[in-house]
Structure formats: C-alpha cells, structure tokens
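K.L.:
Written as structure tokens, this is what we have:
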C-alpha cells in the first residue's frame, strides 16, 4: 500500500550517517520491490542485518500437490483438520502448522488453527495475505506490532521477519487460538489497480480507504518483548528452490534478536484491514464478483462477500446466475452467515468450495426460485479466483467431503 509512514528514529536525509549515541552507527537497510524500481522502506538496525552464524535445511510442511483429475468441484471442510477443541492445538503454531489445501505456481492456500507462538519467520517467495477467521492475537514484525482479531486481513510483504502470538484465553473474547486462512503468493498483493490513482491513493469509488488500514505500532525492540538484544535467534525462511512447487525452507541463526529496528520510513510495510470496513457495492440486478474484489496478486484476485442489501429490480433473482469460469478456478471460504445459494449442498460455516474452470456452477436446486423477494444477505465469505488451474494439497485431500460434485443432481 503505497503511502508514506515514518516511525522511530531516522536521520534527516536517507543514506547518511545515523549515530547510535554510543559512538557507533545504526545500519541502514533498503527493503524494496522490483529491484529498486517500486515501493520501498528504509530500516535502521542496531546490528548488521546480513550477519548469520548458521544456515540449515528447514523441512517445510507438506507442499505436495495432486492434480484435480478427473475434474470435479469440491467441498473442503478445513475445521476437520484441527477439530474444535482448542486444547488439541496448544502446540500448533501459525507457520509450521499450516495444512496446504490448494495451490499452483501463483498462490497456495492453507489453513491452520494455532495455539502456540510461532517461530520467527519470513516468506522470501512472495507476499502473504492472512485472514483471521476466529480468535485474536498479535503479530510482531521488524516494522512494529499489529493487533489482530476476527475478520482482519493481514497483508505481509515479502521477506518481512515476523511471528504470530495467539492471545491468551483471558485476553481473547473470541477464543484463545487463531484460526487462519492463509494465501501465500508468488508475487505482491495490493488493492485492485482500478481503485488506485496513478500515485497509489485509493479513489472515491473504492469500497475502502486509507482510514480503514491499520499500520504497525513501533518501533518494537527485543527488550519490548522481554528478550535480550544479543540473544541468538533462529528465523525460518521460505524461499525459491527445487522443492515441490519450487519452494524450499532454510533455518538461519542470527547472533542477535531480530527486533533491532530503531526506526523506519517508506511506503512498504505490513498492515491490517478488517472485512467489516468493506463497503459493499450493490445494484438493481445481481452484481458480478469483481464488484466484491478487495485484493489482487499476479494471476489471482481476492474478493469478499459481506452482509448487504441485494438486488432491488422488481423481477430480480438475488442469488448468482449459473456461470462457467472459463478462465479461472473459484475458491470460496464461507466464514459466517447464511448462504442462500448453497442451501442443500452441505456447505456451511467453515466450508470451502472449489469450482474449477471447465465446470458450470451456481445455486443449488431450489435456491434460484426461493431467493426471489429476499432483500438482504447476511453472509461473510472470502473468495480467491486463480487464472491457472489449482491442484489439491494434502490438507485438501484430507478434508474433502467426497460428495459435493453430485449435489446439483438432487433426487435424480
């Protein structure tokens, strides 16, 4: 999100001396996209950010993908992967506990229920978009901290060192664990270009604006989280390599704590947007999915469906018309509410549907007619459309209901 922020101690002019007050200098790091040609920030470190003392293999969670062949729509039930008992996930963290549901070379979609603090981590493959289905917690980053709760999207730029801390049960009104829906991109993630000015400001017709975005609070240093400045620390790094999907992992060891940034400024940083702040666009007849778009990456888009008034033409049919995704696969995560178009399919809260390109899909039998006269949809869902076919991860295979493909057949 390209608008300027500055936090902590920074020198008056970039690329100049920044004394640390103890006879030395802070170390300037440029974190920038597209090889010095796009958004960037300058971070000022107490330690040399290049210094590592060990580099070891980190075995990523299972990244194997299986082709959706023979082609069929699917109903995934990710809650089955972790259960509903918070105590069962007390040792699961938001990084190493991810179960891969779906993926291709552009984006991988995972689900995790985390009750433990994650290791320090950074994704050097692409940006991450994490949706908080339930729970509350804190994300600590080198840019500062982000408080997160139900309905938050967390946009984490590529190569940002961070960790996830679920709230304790005493602090979390919605439970002591974090239920997270994770999109790991191979690109950057940003608002749709049609909602941005040529300088990157969100325009008047956009369904949200900069006031709705929450940036990191900082600076955040090791001593602020009860650690020692010189504490040796491991950081897990996801990066490009010859593993499944071209992704592998490395475990770096640093001779200091990663929270050593005394100040930063620029236009590249993590931020949070809550789905409740999205203002839905409606019309007299049914509106197509692009009006619900909230983010875009390379070869995929993310939309959200929120509680809203629906079509008000006197002859309107509020549920979606049947449609063929000739250029995309559609993944819908049903978060909350009552899904008029899916009644009778078995889909409910916590379900994920996959409607692949090559398959015409739409309302379940009877929903088309029963929706006539409805004026309001009480539903919350997150949709990912990809423009290359999705394959099925080990988590997706483990939680497929095996029946959804035949749910339009009815009694035939």
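Residue numbers (the UniProt record's numbering): 1 to 412. In this text, a Cβ means the ideal position worked out from N, Cα and C, and glycines have one as well.
1) Whose C-beta lies closer than 7 Å to the C-beta of residue 320 among residues of the same chain, with five residues either side of it excluded?
2) Starting from residue 149, trace the beta strand (DSSP E) in both directions and tell me its first and last residue.
3) Is residue 268 closer than 7 Å to residue 40 when the C-beta atoms are compared?
4) Please report the distance separating the alpha-carbon of residue 6 from that of residue 31.
5) Which same chain residues, not among the five before or five after residue 372, have their C-beta less than 7 Å away from its C-beta?
6) Across which residues does DSSP place residue 264 in a beta bridge pair?
7) Quick check on DSSP: helix, strand or coil for residue 329?
8) Quick one: residues in its chain with C-beta nearer than 8 Å to the C-beta of residue 195, no 5 flanking neighbours on either side, listed in chain order?
9) Tell me which residue opens and which closes the alpha helix (DSSP H) that residue 396 is part of.
10) Which residue or residues does DSSP assign as beta-bridge partners of residue 359?
11) Return the chain-ordered list of same chain residues with a C-beta closer than 7 Å to the C-beta of residue 282, the five sequence neighbours on each side being excluded.
12) Using only the alpha-carbon positions, how far apart do residue 46 and residue 21 sit?
13) Could you check where the beta strand (DSSP E) with residue 180 kicks off and where it finishes?
14) First and last residue of the beta strand (DSSP E) that includes residue 136?
15) Going by the CB atoms, is the gap between residue 275 and residue 151 shorter than 7 Å?
16) Per DSSP, what kind of secondary structure is residue 109 in: helix, strand or coil?
17) Rounded to a whole number of angstroms, what is the C-alpha to C-alpha distance between residue 290 and residue 44?
18) Can you tell me whether DSSP reads residue 406 as helix, strand or coil?
19) Comparing C-alpha positions only, which one of 85, 409 and 67 sits nearest to residue 105?
20) Between the C-alpha atoms of residue 170 and residue 119, what's the straight-line distance to the nearest angstrom?
21) Classify residue 318 as helix, strand or coil using the three-state DSSP reduction.
22) For a quick check, are the C-beta atoms of residue 180 and residue 107 less than 7 Å apart?
23) Shortest alpha-carbon distance to residue 258 belongs to which of 241, 124 and 232?
24) May I ask you to report which of helix, strand or coil DSSP gives residue 252?
25) Mind checking residue 58: buried by the 16 CB within 10 Å criterion, or exposed?
26) For residue 300, name the three-state secondary structure that DSSP assigns.
27) Go ahead and pull the three-state DSSP assignment for residue 346.
28) Would a C-beta distance cut-off of 7 Å place residue 327 and residue 390 closer than the cut-off?
29) Ends of the beta strand (DSSP E) at residue 240?
30) Pull the bridge partners of residue 190 from the DSSP assignment, please.
31) Among the residues of its own chain, which have a CB less than 8 Å from the CB of residue 346, if the five just before and after it don't count?
32) For residue 146 and residue 214, which I take to be in contact (beta-carbon distance under 8 Å), what is that distance rounded to the nearest angstrom?
33) Which same chain residues end up closer than 7 Å to residue 8 when comparing Cβ atoms and leaving out the 5 residues on each side of it in sequence?
34) Within this structure, are the beta carbons of residue 114 and residue 86 separated by less than 7 Å?
35) Helix, strand or coil, according to DSSP, for residue 130 in the structure here?
36) Tell me residue 217's beta-bridge partners as DSSP assigns them.
P.N.:
This is what the structure holds:
1) 286, 341, 362 and 363
2) Judged by DSSP secondary structure, residue 149 falls within the beta strand (DSSP E) whose first and last residues are 144-149.
3) yes
4) 14 Å
5) The beta carbon of residue 372 lies closer than 7 Å to those of 317 in the same chain, with the five residues before and after it left out.
6) 7 and 43
7) strand
8) 202, 203, 205, 206 and 207
9) 394-399
10) In the DSSP assignment, residue 359 is bridged to no other residue.
11) 308, 309 and 310
12) Those two C-alpha atoms are separated by around 11 Å.
13) 178-185
14) 136-141
15) yes
16) strand
17) 40 Å
18) helix
19) 67
20) Here residue 170 scores only 46 on pLDDT, less than 50, and its place in the model should not be relied on; the value that follows carries that caveat. For residue 170 and residue 119, the distance between alpha carbons rounds to 23 Å.
21) coil
22) no
23) 232
24) strand
25) buried
26) strand
27) coil
28) No, the pair does not count as a contact, with Cβ atoms beyond the cut-off.
29) That run of the beta strand (DSSP E) goes 233-240.
30) 296
31) Residues of the same chain with a CB within less than 8 Å of the CB of residue 346, apart from the 5 flanking positions on each side, are 75, 401, 403, 404 and 407 in chain order.
32) 7 Å
33) Correct list, in chain order: 218, 219, 262, 263 and 264.
34) no
35) strand
36) 145
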